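The numbering of the sequence shown is our numbering, which starts it at 11 and goes up by one.
Ideal Cβ positions, reconstructed from N, Cα and C, are used throughout, including at glycine.
Quantities reported herein were computed from a predicted structural model and do not represent experimental measurements.
Notes follow the structure.
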Amino acid sequence: MRRILYVCSTLANEGPTIHLRTLLGRLDRTAFEPEILTLSPEPPESLWNEFVEQGVACHSLAMNRGKGLFFAASRLRSYLDATQYDVIHSSGFRADVLSSMVACRIMRVCTRHELFHSLHVAWHGPVLGRIMEYLHCRALSRMDYIVVCSETVKQSAPKRLQEKIAVIRNCVDYGVYRPADPEEKRILRAELGLPAHCSIIVFMGRVDKCKDVATVIAGFLRSRFHDKAFLVIVGDGPAKRYCEELAGNAPRITFVGFSKQAEKYLRAADIYVSASWLEGLPLSVIEALACGLPCVVSDIGAHRELASLVPGVVLFPTQDAVGLARALERGLAADPCESRIATEIVRERLGPEIMAQSYREIFESMIRVRPSDMQENLLCES
11 MRRILYVCST
21 LANEGPTIHL
31 RTLLGRLDRT
41 AFEPEILTLS
51 PEPPESLWNE
61 FVEQGVACHS
71 LAMNRGKGLF
81 FAASRLRSYL
91 DATQYDVIHS
101 SGFRADVLSS
111 MVACRIMRVC
121 TRHELFHSLH
131 VAWHGPVLGR
141 IMEYLHCRAL
151 SRMDYIVVCS
161 ETVKQSAPKR
171 LQEKIAVIRN
181 CVDYGVYRPA
191 DPEEKRILRA
201 ELGLPAHCSI
211 IVFMGRVDKC
221 KDVATVIAGF
231 LRSRFHDKAF
241 LVIVGDGPAK
251 RYCEELAGNA
261 PRITFVGFSK
271 QAEKYLRAAD
281 IYVSASWLEG
291 LPLSVIEALA
301 CGLPCVVSDI
311 GAHRELASLV
321 PGVVLFPTQD
331 AVGLARALER
341 GLAADPCESR
351 IATEIVRERL
361 GPEIMAQSYR
371 EIFESMIRVR
381 PSDMQENLLC
391 ES
């Protein structure tokens with residue numbers, strides 16, 4: 011039995027955590043014993059209990075970011091000294107940096123869900139963002155493997171990291187995300203308080219500047235069926251209030267906020283929309299495709315990659331409300347056969363078994379490497 015320690019900031023109900031939950035749900039427990047170590051206290055919308063129910067041992071250093079800046083490395087080192095692990099698997103800026111600093115005698119792999127040279131700058135500005143990206147890439151250079159979620163992310167990586175990169179695309183749990191038949195859809199709409207007899211368009215995700223929900227709203231209001239369809243925005247975030255003001259009193263736009271039953275909104279809907287201008291490989295779009303929805307999405311690398319794999323993806327120029335309105339019309343007129351084909355392709359090419367097997371192969375190849383062959387990190391020795 012090989013022990014894998016997963017290190018991350020928290021188990022917040024977000025894409026990377028959902029990705030980890032799906033992976034551990036399919037990982038062969040006769041070969042691997044997974045554990046999770048989080049760095050910070052859990053937020054209210056945490057999936058901690060779901061991992062415990064999966065039989066995964068979960069631990070936390072419970073350090074806020076300020077305290078962690080000074081003490082997280084020593085705490086993590088002490089934690090690793092007390093227990094023997096075969097592989098450290100980290101995800102996220104803080105977890106990757108700390109793993110690169112302290113885990114030099116254990117094989118290390120990280121998973122990156124974001125484009126290189128983009129996300130840190132988008133979130134933290136050009137100065138701090140570039141510093142963080144430099145530190146993050148420096149940490150990744152010390153990893154034995156770097157897993158990225160798409161070819162798009164790999165192409166954005168610096169050349170010096172390319173030889174360490176393996177592409178394992180995000181996947182979807184098709185036991186949860188599956189098409190609803192007409193009767194199921196009727197029941198779901200009644201349960202969620204959605205209209206029974208009109209087209210429902212849904213966006214699902216964090217409401218921030220990168221997701222550009224403002225363009226979704228503007229495009230919907232410009233479409234010629236805005237008085238016949240219904241736009242549902244599932245998610246929360248810093249741009250929510252601005253988007254609510256932009257929507258005004260439009261009776262056919264509703265903001266649901268954070269929901270623990272997001273899959274029900276997808277299964278109740280007719281079409282999915284995203285105007286995001288920064289994605290690695292969006293889990294919400296894959297989930298929508300698995301639910302049989304046509305997807306109207308912005309013309310960015312990650313969405314183009316999905317369009318090359320799966321039918322039923324309609325692209326429009328980024329930050330173009332008029333283009334989005336036209337794309338919505340094409341999406342609503344899409345051939346239902348395309349959606350059925352898309353669902354089957356998602357099952358075949360983006361299923362959780364494929365992802366779990368790919369990670370298993372990486373773990374096994376890492377474990378086969380003798381400790382004496384491992385390149386030790388100079389920072390760890392200092």
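DSSP three-state assignment for Pro44, whether helix, strand or coil: strand
Cys18 by DSSP, collapsed to three states: which one? Strand at Cys18.
Cβ neighbours of Ala298 in the same chain (closer than 7 Å, five flanking residues each side left out): Cβ within range, chain order: Leu276, Tyr282 and Cys305.
Can you pull the DSSP bridge partners for Ile211? Leu241 and Ile281
Taking contact to mean 3 or more Cβ pairs, one atom from each stretch, closer than 8 Å, check whether the region 176 to 196 and the region 130 to 143 are in contact. Result no; under three Cβ-Cβ pairs closer than 8 Å.
When the Cα of Val324 is compared with those of Ser166, Leu79, Ala331 and Arg340, which residue comes out closest? Arg340
Tell me whether Ile28 sits in a helix, a strand or coil according to DSSP, three-state version. helix
Please tell me whether Cys301 and Pro189 are closer than 8 Å, where the distance is taken between their beta carbons. In this structure, Pro189 lies closer than 8 Å to Cys301 by Cβ.
Among Leu241, Met111, Ile355 and Ile243, which one has its Cα closest to the Cα of Leu145? Met111
Just to confirm, is the Cβ distance from Ile377 to Tyr155 under 8 Å? The answer is no: Cβ separation not under 8 Å.
Cβ neighbour criterion (16 or more within 10 Å) applied to Phe213: buried
If you follow the alpha helix (DSSP H) that Tyr155 is in, where does it begin and where does it stop? Looking at the DSSP string, Tyr155 is not in any alpha helix (DSSP H); the run it does join, the beta strand (DSSP E), is Tyr155 to Val158.
Mind listing, in chain order, the continuous beta strand (DSSP E) runs of no fewer than 3 residues lying wholly within the region 76 to 133? 97 to 101 and 117 to 122
Can you give me the start and stop residues for the alpha helix (DSSP H) that Cys181 sits inside? Run containing Cys181: none; DSSP gives neither H nor E here.
Roughly how many angstroms lie between the CA atoms of Pro26 and Pro53, to the nearest whole one? Take the alpha-carbon of Pro26 and the one of Pro53: they are about 15 Å apart.
Would you list the one or two residues that DSSP bridges to Ala67? Glu45
Can you name, in chain order, every residue of its own chain whose Cβ lies under 6 Å from the Cβ of Asn23, other than the five neighbours on each side? Glu55 and Leu57
At what residues does the alpha helix (DSSP H) containing Phe373 begin and finish? Pro362 to Ile377
Please name the residue, chosen from Asp191, Phe103, Glu289 and Leu15, that lies closest to Val66 on a Cα-to-Cα basis. Leu15
Can you tell me whether Phe61 is helix, strand or coil according to DSSP? helix
Inspect the CB distances between the region 214 to 232 and the region 245 to 253 and report whether three or more fall short of 8 Å. Here the region 214 to 232 makes contact with the region 245 to 253; the two share three or more CB pairs at distances below 8 Å.
Per DSSP, which one or two residues make a beta bridge with Ile175? Ile156
Determine the burial state of Ala200: buried for a count of at least 16 other Cβ atoms within 10 Å of its Cβ, exposed for fewer. Its Cβ having fewer than 16 others within 10 Å, Ala200 is exposed.
Thinking C-alpha only, which one of Ile116, Ile263 and Ala105 is nearest Arg122? Ala105
Excluding the 5 residues flanking Pro248 on each side, which residues of the same chain have their C-beta closer than 6 Å to its C-beta? Hits under 6 Å: Asp218.
Give the single residue among Ala285, Pro321, Arg262 and Gly290 whose Cα lies nearest to the Cα of Gly203. Arg262
Can you find the residues in the same chain that come closer than 7 Å, C-beta to C-beta, to Phe268, ignoring five residues on each side of it along the sequence? Glu55, Gly245 and Asp246
Per the DSSP calculation, Cys301 is bridged to which residue(s)? According to DSSP, Cys301 bridges with nothing at all.
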